[in-house]
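Undergrad:
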Amino acid sequence: MSRFRRPDPHARFRQLLAEQLDLPLHLDDSWQLTVHLSRCEACRAVEREYREQRRALRQLPAPPVPRDLWARTSIALDAEMASYRPGRAIGRGGSGASIAASLAIFGAATLLLMSQWPLADQPAPTRQLPTPFAVPGHALAFFSTGPQGMSIYRTSVDHVCPVSAADCVNEARAPSSLALATMIEPSSLALSPSGRQLAITGRDQERDSLFAIVLMPEPEEAPARTPQPPLTPPVVPSGEPVLPQGSPIAALPSLDPTTAPGLVVLAILEDALGAGAPAAWSSDGLTLAFSAMPADGSAGPDLYVWRPGDEVASRLTNDGTTYFASWAGSRIVVSRMLGDPADAVPHPTTVVIDPRSGEQREIAGASLWLPRVNLAGSHAVAWHGALAWRGGVAAPDSGALYLVDWAALDPYADPPMPAEGEPGRPAPTDQPAAKPTPAESEPVASDEPTDEPLASDGAMPTVLLTLPPAEPIPGDGSSEPEPSTSPAAAATADPGSGAQLAPIEPGRDPSLKPVRDWDARWSPDGSLVALWVADVPGSSWGHLTVLTLDAETGSLAVDQPLLGPTLARRSFMLQSDRLAWVAPADENPDGELRVSTWGPDGFGVVRLQAPDVEGEIAPF
Amino acid sequence: MLSTRAASLGVVVTDRAAARVVIEQLYAAHHAEIYAYLSRMLRDHELAADLAQETFVKAFRAFDTLADRGRARAWLYQIAGRTALDELRRRKIVRFVPWSGESRGSGASAEEMALHGRLSAEMERALAQMPARQRQALLMAEVHELTGLELADALGVSHVAARALLTRARESLRQALAVERARTAVFDGRRAADGATASLPTDDRPGADDR
Chain X
36 MSRFRRPDPH ARFRQLLAEQ LDLPLHLDDS WQLTVHLSRC EACRAVEREY
86 REQRRALRQL PAPPVPRDLW ARTSIALDAE MASYRPGRAI GRGGSGASIA
136 ASLAIFGAAT LLLMSQWPLA DQPAPTRQLP TPFAVPGHAL AFFSTGPQGM
186 SIYRTSVDHV CPVSAADCVN EARAPSSLAL ATMIEPSSLA LSPSGRQLAI
236 TGRDQERDSL FAIVLMPEPE EAPARTPQPP LTPPVVPSGE PVLPQGSPIA
286 ALPSLDPTTA PGLVVLAILE DALGAGAPAA WSSDGLTLAF SAMPADGSAG
336 PDLYVWRPGD EVASRLTNDG TTYFASWAGS RIVVSRMLGD PADAVPHPTT
386 VVIDPRSGEQ REIAGASLWL PRVNLAGSHA VAWHGALAWR GGVAAPDSGA
436 LYLVDWAALD PYADPPMPAE GEPGRPAPTD QPAAKPTPAE SEPVASDEPT
486 DEPLASDGAM PTVLLTLPPA EPIPGDGSSE PEPSTSPAAA ATADPGSGAQ
536 LAPIEPGRDP SLKPVRDWDA RWSPDGSLVA LWVADVPGSS WGHLTVLTLD
586 AETGSLAVDQ PLLGPTLARR SFMLQSDRLA WVAPADENPD GELRVSTWGP
636 DGFGVVRLQA PDVEGEIAPF
Chain W
231 MLSTRAASLG VVVTDRAAAR VVIEQLYAAH HAEIYAYLSR MLRDHELAAD
281 LAQETFVKAF RAFDTLADRG RARAWLYQIA GRTALDELRR RKIVRFVPWS
331 GESRGSGASA EEMALHGRLS AEMERALAQM PARQRQALLM AEVHELTGLE
381 LADALGVSHV AARALLTRAR ESLRQALAVE RARTAVFDGR RAADGATASL
431 PTDDRPGADD R
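Chains X and W, in that order, give the protein sequences.
Each residue of the first sequence is one higher than the one before, starting from 36 at the first, in the working numbering.
Each residue of the second sequence is one higher than the one before, starting from 231 at the first, in the working numbering.
#1: Of all the CB atoms in chain X, is at least one closer than 8 Å to the CB of W/T414?
#2: Just checking, does the region 267-278 of chain W make contact with the region 296-305 of chain W on the three C-beta pairs under 8 Å criterion?
#3: Quick check: what's the CA-CA separation for W/R400 versus X/S611?
#4: Spatial neighbours of X/A302 within its chain, please: CB distance less than 6 Å, with the 5 preceding and 5 following residues excluded, ordered by chain position.
#5: Report the three-state DSSP secondary structure of X/Q67 (helix, strand or coil).
#6: Straight-line CA distance for X/S575 to W/Q255?
#7: If you draw a straight line from the C-alpha of X/Y85 to the C-alpha of X/R556, how long is it?
#8: Between the region 66-98 of chain X and chain W, which residues of the former have CB atoms less than 8 Å from a CB of the latter, in chain order?
#9: Taking its Cβ as the centre, do 16 or more other Cβ atoms sit within 10 Å of X/Y188, making it buried, or is it exposed?
#10: Return the chain-ordered ranges of every alpha helix (DSSP H) run that is complete within the region 354-421 of chain X and spans a minimum of 4 residues.
#11: Can you give me the C-alpha to C-alpha distance between X/T632 and X/G332, rounded to a whole angstrom?
#12: Is the beta carbon of W/L369 closer than 8 Å to that of W/Y265?
#13: Can you say whether X/P59 is buried or exposed, counting buried as having 16 or more other CB atoms within 10 angstroms of its CB?
#14: Looking at the structure shown, is W/G300 part of a helix, part of a strand, or coil, going by DSSP?
#15: If we ignore side chains and look at the alpha-carbon of each, how far apart do X/S413 and X/N353 end up?
#16: In chain order, what residues of the region 385-405 of chain W put their CB closer than 7 Å to some CB of chain X?
#17: What is the rounded straight-line gap between the Cα of W/L294 and the Cα of W/R250?
#18: Considering only C-alpha positions, which residue in the set W/A423, W/L385 and W/T397 is nearest to W/A310?
#19: Report the CB separation of X/L628 from X/F177 in whole angstroms; it is logged as a contact under 8 Å.
#20: Got a sec, what are the start and stop residues for the alpha helix (DSSP H) W/F286 sits in?
#21: Hey, would you say the C-beta of W/V416 is under 7 Å away from at least one heavy atom of the ligand PLP?
#22: Following the continuous beta strand (DSSP E) through X/D554, name the residue where it begins and the one where it ends.
#23: Determine the chain W residues that contact X/R49 at a beta-carbon separation under 7 Å, and present them in chain order.
#24: By DSSP's criteria, X/D432 is part of a beta bridge. Which residues make up the other side?
#25: Please report the residue range of the alpha helix (DSSP H) in which W/Q366 lies.
#26: Could you compute how far the alpha carbon of X/R28 sits from the alpha carbon of X/T108?
#27: Below 7 Å on C-beta distance, what does X/W567 contact in chain W?
#28: Quick check on the burial criterion: 16 or more other C-beta atoms within 10 angstroms. Buried or exposed for W/V416?
#29: So X/A618 and X/L643 are supposed to be a Cβ contact under 8 Å. How far apart are they, rounded?
#30: For the beta strand (DSSP E) containing X/G237, list its first residue and its last residue.
#31: For W/H260, does the count of other Cβ atoms within 10 angstroms reach 16, so buried, or fall short, so exposed?
#32: Applying the 10 Å Cβ sphere with the 16-neighbour rule, what's the burial state of W/Q366?
#33: Could you pull out every residue in the same chain whose Cβ sits closer than 6 Å to the Cβ of X/V428, ignoring the five residues on either side in sequence?
#34: Here's the rule I'm using: 16 or more other beta-carbon atoms within 10 Å means buried, otherwise exposed. How should X/L250 be labelled?
#35: Would you please verify whether the beta carbon of W/L379 is less than 8 Å from any beta carbon of chain X?
#36: If you follow the beta strand (DSSP E) that X/L60 is part of, which residue opens it and which one closes it?
Rendered as structure tokens:
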């Protein structure tokens, strides 16, 4: 018996059989294999097995992806970003500081607003789309810094597609547009409720910082539009058209921005940098509030207001430590620094200002940062933690977002009734502010410093919220704080007052992953809040989540977000039945505009694309 | 514009935020197949989810190694594959598919398995017997339909070597399937004879994944 195994004469042909599944064989090999197969049943069986094997493998259904895979991956990426150190650069160059600065500028142009103004009649060019369904119509506008300069576009959304229709795109290839006569690089936009004034914070073509108002025309004043050829309406499987004429799913008629008349732009404050929350209009649309500081850094931020008819904005405070937070009814909520501005660590307090009387009431003990109060005045979202000085202004360093029972904190919530005829009686917060008379609309504060302490009459509540002082992260911020100094661990509701201070992200450990940049917007009815959170200050991208406020319990359904968390640009707009936001897109590195809706017909979404709009999208 | 640079990927990407944007775009495009690939490699859905997450974090860390977005898919598979192999080697994972008693021609069982997106028990056990490297190649080529160049990229070998590995993998699977079918036939025969809850002894040959 030989010690050597005889070579398998079929092995070479089995190899050829396997190889031919991937690429055509050489002619010689192919001929030899054909000849061999014609007389070898075993190899023919192998050929069949290979083909069955391939078919079986290719028919394997994909395992369902765990629903939390994105959430956990996102968290891991957040942690990776949070643990970033300059020495561990991603990419090939660029310092963290310069990157943050660049992003701050870059992110400035992605802004989103939504208006309620009626749209002029629109023709109904449409495209082939997944079967959409109707939702209540809302006007939508956006701001673009494309190759044609800066333009304002108007469109509307009253049809969306099921969320399963990933390719449901509204190619608003020609939305109505209005050219902006002045080149402004915006960092924030705020459209008045009437849709007539658009407040812009940004830089002009000279790179000077300014606050400006764009006076918007009435919709009927919009210039005539160039008719567009009708497009094929979408069809349902039965072939029936489903979109009515005039559907905003279709592209709006074209208007060449270069031929449109320039809009009037009114500079209301120049050489000033924004600080605090973005500028916001009062609910009656009669007052714009914001905080700003001299661009040369010679002073800290103060509160300003502007009313239609004013030439310039009026300063309401003169302390250099006031940061606009939000409106609470007809009053303005600000965060103000306590102590010496030279202190290494800024400590905030919360103050409510009546812009008509100038009265100011401090909420003692509430070291909240920029609380955003809902229109109902019932709740607020605020950041709480350790602030740090960044670029001469206070900024979040180590902390998190919390839901606040604003009704319990509002110093104007239950004021004593002053004697009849006594001046200064504050208006109830649940009533819209009366339209100011010309005299009332004048600024009430002078430029002279005021040494008067904050108003502290009998209406001021006692300490409603007791919070241990938040400790800063020791050192340069790169080391981990002690667990005991974690704002999340320290922040508790005051059992005596019942005031709520509930962490919005229970799973988030602020000591490991602090919220360093954020925005929050409430829906008009106060039942929803959209939170945008970034781990990196000045980031143009962050995570957007829409949460529902339980009216009975006064808590946010943090475990069951209505939408998100999803990657989104800083700009977004929340209504009671929809969210407009800018999502990442392969087609446009600056992202694409999306509108997600919810209602009786379920969730819907539509992607708005305007092929003639390139570059940064700044919608409103 | 930073994000433009990030998205084109033909130019230097200079910041983490832009890198993250691209990684999240890649996640949106490829997470399902990466997860499926890892599930089939590891035969453990929970572990696959962990490693899918790890794959994208590693991709973020190694973002500067991605010079051409056209190769991003293969690049992700390469990261996922290495992550899976590392885990298999670290844990010496030899998982055996529990015997569920199904036999060939059992329609209900096949339907159920299809519903759950799983391999047939025979195929799954056969894949488990293959060397991990061969299993990688076969899954990438046949299930996830990577092109020849993508496969070579993902495996980190030449195109010729990738083809050779794939050829060996096909033969390994064919032989392993034959063994599994024979075992199934034996089990069916025993069950018919015993008429009770016979169980197929698991194959305890170690090291299948280490070869």
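The beta carbon of each residue, even a glycine, is placed where N, CA and C say it ideally should be.
These numbers come from a predicted model, not from an experiment.
TA: If we stick to the structure as given:
#1: Residue 414 of chain W sits at position 184 when you count from the first residue of the second sequence. The beta carbon of W/T414 does not come within 8 Å of any beta carbon belonging to chain X, so the residue lies off that interface.
#2: With the cut-off at 8 Å, the region 267-278 of chain W and the region 296-305 of chain W do not touch.
#3: Here residue 400 of chain W corresponds to residue number 170 of the second sequence, with the count starting at 1. Here residue 611 of chain X corresponds to residue number 576 of the first sequence, with the count starting at 1. The straight-line gap separating the alpha-carbon atoms of W/R400 and X/S611 is approximately 57 Å.
#4: Indexing the first sequence from 1 puts residue 302 of chain X at position 267. Excluding residues within five positions, the ones whose Cβ falls inside 6 Å are L245 and A247.
#5: If you number the first sequence from 1, residue 67 of chain X lands on position 32. Helix.
#6: Against the first sequence, residue 575 of chain X aligns to sequence position 540. Against the second sequence, residue 255 of chain W aligns to sequence position 25. For X/S575 and W/Q255, the distance between alpha carbons rounds to 16 Å.
#7: Taking the first residue of the first sequence as position 1, residue 85 of chain X is located at position 50. Taking the first residue of the first sequence as position 1, residue 556 of chain X is located at position 521. Cα to Cα, the separation comes out at about 59 Å.
#8: Of all residues in the region 66-98 of chain X, V81, E84, Y85, Q88, R89, A91, L92, R93, L95, P96, A97 and P98 have a Cβ within less than 8 Å of some Cβ in chain W.
#9: Translated into the one-based positions of the first sequence, residue 188 of chain X becomes position 153. A residue is called buried when at least 16 other Cβ atoms come within 10 angstroms of its Cβ; X/Y188 meets this threshold and is buried.
#10: Inside the region 354-421 of chain X, DSSP marks no whole alpha helix (DSSP H) run of 4 or more residues.
#11: As a first step, residue 632 of chain X is located in the first sequence; it is residue number 597 there, counting from the start. As a first step, residue 332 of chain X is located in the first sequence; it is residue number 297 there, counting from the start. The C-alpha of X/T632 lies about 43 Å from the C-alpha of X/G332.
#12: Walking along the second sequence from the start, residue 265 of chain W turns up at place 35. Walking along the second sequence from the start, residue 369 of chain W turns up at place 139. Result no, Cβ atoms of W/Y265 and W/L369 do not sit closer than 8 Å.
#13: By 1-based counting over the first sequence, the position of residue 59 of chain X is 24. With fewer than 16 Cβ atoms within 10 Å of its Cβ, X/P59 is classed as exposed.
#14: Your numbering for residue 300 of chain W matches position 70 in the second sequence. Here W/G300 sits in helix by DSSP.
#15: Position 378 of the first sequence, counting from 1, holds the residue named residue 413 of chain X. Position 318 of the first sequence, counting from 1, holds the residue named residue 353 of chain X. Counting only the Cα atoms, X/N353 lies some 29 Å from X/S413.
#16: In summary, the residues of the region 385-405 of chain W whose CB is separated from some CB of chain X by less than 7 Å are R393, L396, T397, R400, E401, L403 and R404, in the order they occur in the chain.
#17: To locate residue 294 of chain W, count along the second sequence from 1; it is residue 64. To locate residue 250 of chain W, count along the second sequence from 1; it is residue 20. For clarity, residue 294 of chain W is Asp in the given sequence; the question names Leu instead. Near 12 Å, if we compare the C-alpha coordinates of W/R250 and W/D294.
#18: Start at 1 with the first residue of the second sequence, and residue 310 of chain W comes out as number 80. Its Cα nearest to that of W/A310, the residue W/L385 stands out among W/A423, W/L385 and W/T397.
#19: Here the question's residue 628 of chain X lines up with position 593 in the first sequence. Here the question's residue 177 of chain X lines up with position 142 in the first sequence. About 6 Å separates the Cβ atoms of X/L628 and X/F177, confirming a contact at the 8 Å cut-off.
#20: Residue mapping note: residue 286 of chain W aligns to position 56 of the second sequence, counting from 1. H275 to R291 is the extent of the alpha helix (DSSP H) around W/F286.
#21: Within the structure as shown, the ligand PLP is missing, as the structure has no ligands at all.
#22: In the first sequence, the residue the question calls residue 554 of chain X occupies position 519. According to the DSSP assignment, X/D554 belongs to the beta strand (DSSP E) that extends over D552 to W557.
#23: On the first sequence, residue 49 of chain X is found 14 positions in, with the first residue counted as 1. Neighbours of X/R49 in chain W, taken as residues at a C-beta separation under 7 Å, are given in chain order as E401.
#24: Translated into positions along the first sequence, residue 432 of chain X becomes position 397. Looking at the DSSP output, X/D432 shares a beta bridge with no other residue.
#25: In the second sequence, counting from the first residue as 1, residue 366 of chain W sits at position 136. For W/Q366, the enclosing alpha helix (DSSP H) starts and ends at A362 to L368.
#26: In the structure as shown, chain X begins at 36 and stops at 655. Residue 28 of chain X is therefore absent and cannot be evaluated.
#27: As a working mapping, residue 567 of chain X is identified with position 532 in the first sequence. Listed along the chain, the chain W residues whose CB falls inside 7 Å of the CB of X/W567 amount to none; the nearest CB is some 14 Å away.
#28: Mapped onto the second sequence, residue 416 of chain W falls at position 186. Exposed, since its Cβ has fewer than 16 Cβ neighbours within 10 Å.
#29: In the first sequence, counting from the first residue as 1, residue 618 of chain X sits at position 583. In the first sequence, counting from the first residue as 1, residue 643 of chain X sits at position 608. About 11 Å separates the two Cβ atoms, so there is no contact after all.
#30: As a position in the first sequence, residue 237 of chain X is number 202, starting the count at 1. Counting along the chain, the beta strand (DSSP E) containing X/G237 begins and ends at Q232 to D239.
#31: Locating residue 260 of chain W in the second sequence gives position 30, where the first residue counts as 1. It counts as buried.
#32: The residue labelled residue 366 of chain W in the question sits at position 136 within the second sequence. By the C-beta density criterion, W/Q366 is buried, having at least 16 other C-beta atoms within 10 angstroms.
#33: As a working note, residue 428 of chain X is residue 393 in the first sequence. Contacts found: A310.
#34: Taking the first sequence and counting its residues from 1, the one referred to as residue 250 of chain X is at position 215. Taking all protein chains in view, the Cβ of X/L250 is surrounded by fewer than 16 other Cβ atoms within 10 Å, so the residue is classified as exposed.
#35: Within the second sequence, the letter at position 149 stands for residue 379 of chain W. In terms of beta-carbon proximity, W/L379 stays away from the interface with chain X, with every pair separated by 8 Å or more.
#36: One-based indexing of the first sequence puts residue 60 of chain X at position 25. X/L60 -> no beta strand (DSSP E), and no H or E assigned at all.
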